[in-house]
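Engineer: Residue numbers (full-length UniProt numbering): 1 to 484. The C-beta atom is built at its ideal place from N, Cα and C for all residues, glycine as well.
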């Protein structure tokens with residue numbers, strides 16, 4: 001049983017490390033008209049196999065420990081604490097299940113439903129399995145760091161390569177459909193993809209990784225303050241000085257590592273030129289800063305909520321701003337192009353997005369109650385609205401909330417919205433605790449959840465693609481307090 005416990009603990013860390021990996025086996029390659037249509041493909045990902053094994057191991061472990069009264073008591077407490085969450089998830093799941101029966105392509109809908117269940121399995125493991133949360137976050141950060149190095153290399157060299165073992169397709173700045181920045185003089189710059197399907201997806205992973213890393217750093221900083229305080233209260237001056245110097249050396253190394261990795265992430269985020277991800281990070285940092293400022297102003301206490309905590313987040317934002325200014329100056333022509341709407345590529349991008357919103361209105365109008373069926377948005381648009389249209393016509397609308405409404409109906413939309421607000425409520429419940437250590441994760445979790453919710457308004461891959469579904473459930477699981 002001990003080996004099974006360790007397998008789940010380390011296997012979960014391996015899974016979140018591999019979350020960005022796109023290695024998969026195609027069961028069905030789908031075309032819509034003359035276009036290869038990703039949202040109709042049916043695949044088995046390497047992460048699916050690992051997740052299924054972990055779920056099976058976890059169920060076996062629970063069955064073996066069923067007679068342990070302490071485990072049963074803890075499990076019941078957690079289920080009771082999350083009963084509203086599971087009720088909302090059950091409504092969302094039922095809406096998705098019902099949508100299968102109204103879908104045009106039943107196999108695509110079934111695949112979307114099974115993908116949802118796998119994401120829910122990941123969420124359950126994060127909520128109920130025993131593991132070290134810091135190690136889990138570091139595992140995720142490590143996986144994103146691999147994609148970061150690849151993305152920076154892609155942008156600076158303007159080259160990519162294909163690999164079936166890594167699930168990577170080749171991208172060329174001169175190809176139609178590639179995510180590029182086209183300057184006024186006609187230069188086409190390939191944006192950073194990493195090993196993912198689109199720069200916006202890499203940007204989303206980077207935003208989550210940066211905010212998680214900041215939260216981990218500030219939480220550790222608070223623990224270090226507590227340890228130093230204990231040294232002062234419990235030991236002699238000579239012993240205190242020796243240990244403080246040793247502790248200070250370890251702290252400086254960790255701080256240096258944090259800033260180095262964070263700046264690498266920020267550089268890669270800049271090279272994605274994802275305006276959605278940029279907005280998500282800025283909003284997340286603002287929420288974090290406001291949270292620390294309010295906590296410092298309203299209740300001056302020790303630990304991470306003292307002035308040192310506020311100064312730490314200000315220092316992080318200052319360093320990020322300084323690096324952002326340097327990158328903006330070096331690549332000013334690309335940045336100005338990306339922020340303007342005067343170039344041909346940007347005009348096309350804006351027009352395509354506006355067209356997608358108009359198409360979504362028509363799809364929702366005809367399918368507002370039960371939806372088109374999960375994974376059937378583009379297929380329905382091709383069958384019922386317009387055939388032989390440009391590829392962007394069949395892409396999911398760049399808004400998660402509208403896409404959910406279109407695919408699984410109004411009840412599913414409300415369930416998804418309530419799920420987010422219920423998670424915020426669970427996070428804020430920690431304000432009742434008298435121990436500030438149990439309160440300190442409130443700011444980090446809220447900043448991540450609000451940042452991700454903003455990105456929901458500006459893109460679709462969190463719902464429409466495999467990696468997005470898994471990332472959403474990972475974020476939700478990490479943000480929900482595991483202990484009361």
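(1) From the DSSP secondary-structure annotation, give me the bridge partner or partners of residue 283.
(2) Taking contact to mean 3 or more Cβ pairs, one atom from each stretch, closer than 8 Å, check whether the segment 170–185 and the segment 136–152 are in contact.
(3) Please identify the residue among 212, 160, 360 whose C-alpha is closest to the C-alpha of residue 142.
(4) Rounded to a whole number of angstroms, what is the C-alpha to C-alpha distance between residue 455 and residue 423?
(5) For residue 37, which of helix, strand or coil comes out of DSSP?
(6) On the DSSP bridge list, what partners appear for residue 32?
(7) Since residue 187 is in the beta strand (DSSP E), which residue starts that stretch and which ends it?
(8) Using the beta-carbon count (16 or more within 10 Å), is residue 447 buried or exposed?
(9) Is it the case that the Cβ atoms of residue 411 and residue 91 are separated by a distance below 9 Å?
(10) Apart from the five residues on each side of it in sequence, which residues of its chain come closer than 8 Å, Cβ to Cβ, to residue 457?
(11) What are the residues that DSSP puts in a beta bridge with residue 163?
(12) Three-state secondary structure (DSSP) at residue 43?
(13) Alpha carbon to alpha carbon, how far is residue 24 from residue 533? Give it in angstroms, no decimals.
(14) What separation, rounded to the nearest whole angstrom, lies between the Cα atoms of residue 118 and residue 209?
(15) If you follow the alpha helix (DSSP H) that residue 448 is in, where does it begin and where does it stop?
(16) Between the beta-carbon of residue 461 and the beta-carbon of residue 171, is there less than 9 Å?
(17) Would you tell me roughly how many angstroms separate the C-alpha atoms of residue 263 and residue 317, rounded to the nearest one?
(18) To the nearest whole angstrom, what separates the beta carbons of residue 520 and residue 125, a pair I think is in contact under 8 Å?
(19) Can you tell me whether residue 354 is buried or exposed, with buried defined as 16 or more other CB within 10 angstroms of its CB?
Structural biologist: Taking the coordinates as given:
(1) As a first step, residue 283 is located in the chain shown; it is residue number 283 there, counting from the start. Residue 283 pairs with nothing; no bridge assigned.
(2) No, the segment 170–185 does not touch the segment 136–152.
(3) Counted from its first residue, the chain shown places residue 142 at position 142. Ranking the options by Cα distance to residue 142, first place goes to 212.
(4) Locating residue 455 in the chain shown gives position 455, where the first residue counts as 1. Locating residue 423 in the chain shown gives position 423, where the first residue counts as 1. Those two C-alpha atoms are separated by around 17 Å.
(5) As a working mapping, residue 37 is identified with position 37 in the chain shown. In the structure shown, residue 37 sits in coil (DSSP, three-state: anything other than H, G, I, E or B).
(6) On the chain shown, position 32 is the one that residue 32 refers to. According to DSSP, residue 32 shares a beta bridge with 35.
(7) Sequence index remark: in the chain shown, residue 187 carries index 187 (1-based). Neither: residue 187 is in no beta strand (DSSP E) and is coded neither H nor E.
(8) Taking the chain shown and counting its residues from 1, one reaches residue 447 at position 447. Answer is buried; the Cβ neighbour count reaches 16.
(9) The count along the chain shown starts at 1 and reaches residue 411 at position 411. The count along the chain shown starts at 1 and reaches residue 91 at position 91. It is a contact, given that the beta carbons lie within the stated cut-off.
(10) Taking the chain shown and counting its residues from 1, one reaches residue 457 at position 457. Only 399, 400, 401 meet the Cβ criterion.
(11) For this step, residue 163 is matched to residue 163 along the chain shown. Looking at the DSSP assignment, residue 163 forms a beta bridge with 168.
(12) In the chain shown, counting from the first residue as 1, residue 43 sits at position 43. Correct three-state label for residue 43: strand.
(13) Since the displayed the chain opens at 1 and closes at 484, residue 533 lies outside it and no answer follows.
(14) On the chain shown, residue 118 is found 118 positions in, with the first residue counted as 1. On the chain shown, residue 209 is found 209 positions in, with the first residue counted as 1. Those two C-alpha atoms are separated by around 22 Å.
(15) As a working mapping, residue 448 is identified with position 448 in the chain shown. Where residue 448 is concerned, the enclosing alpha helix (DSSP H) stretches over 441–456.
(16) The residue you call residue 461 lines up with position 461 of the chain shown. The residue you call residue 171 lines up with position 171 of the chain shown. No, the pair does not count as a contact, with Cβ atoms beyond the cut-off.
(17) Taking the chain shown and counting its residues from 1, one reaches residue 263 at position 263. Taking the chain shown and counting its residues from 1, one reaches residue 317 at position 317. So the alpha carbons of these two residues sit roughly 11 Å apart.
(18) Given that the chain is displayed from residue 1 to residue 484, the structure contains no residue 520 and the question cannot be resolved.
(19) Translated into positions along the chain shown, residue 354 becomes position 354. Flag for residue 354 reads exposed.
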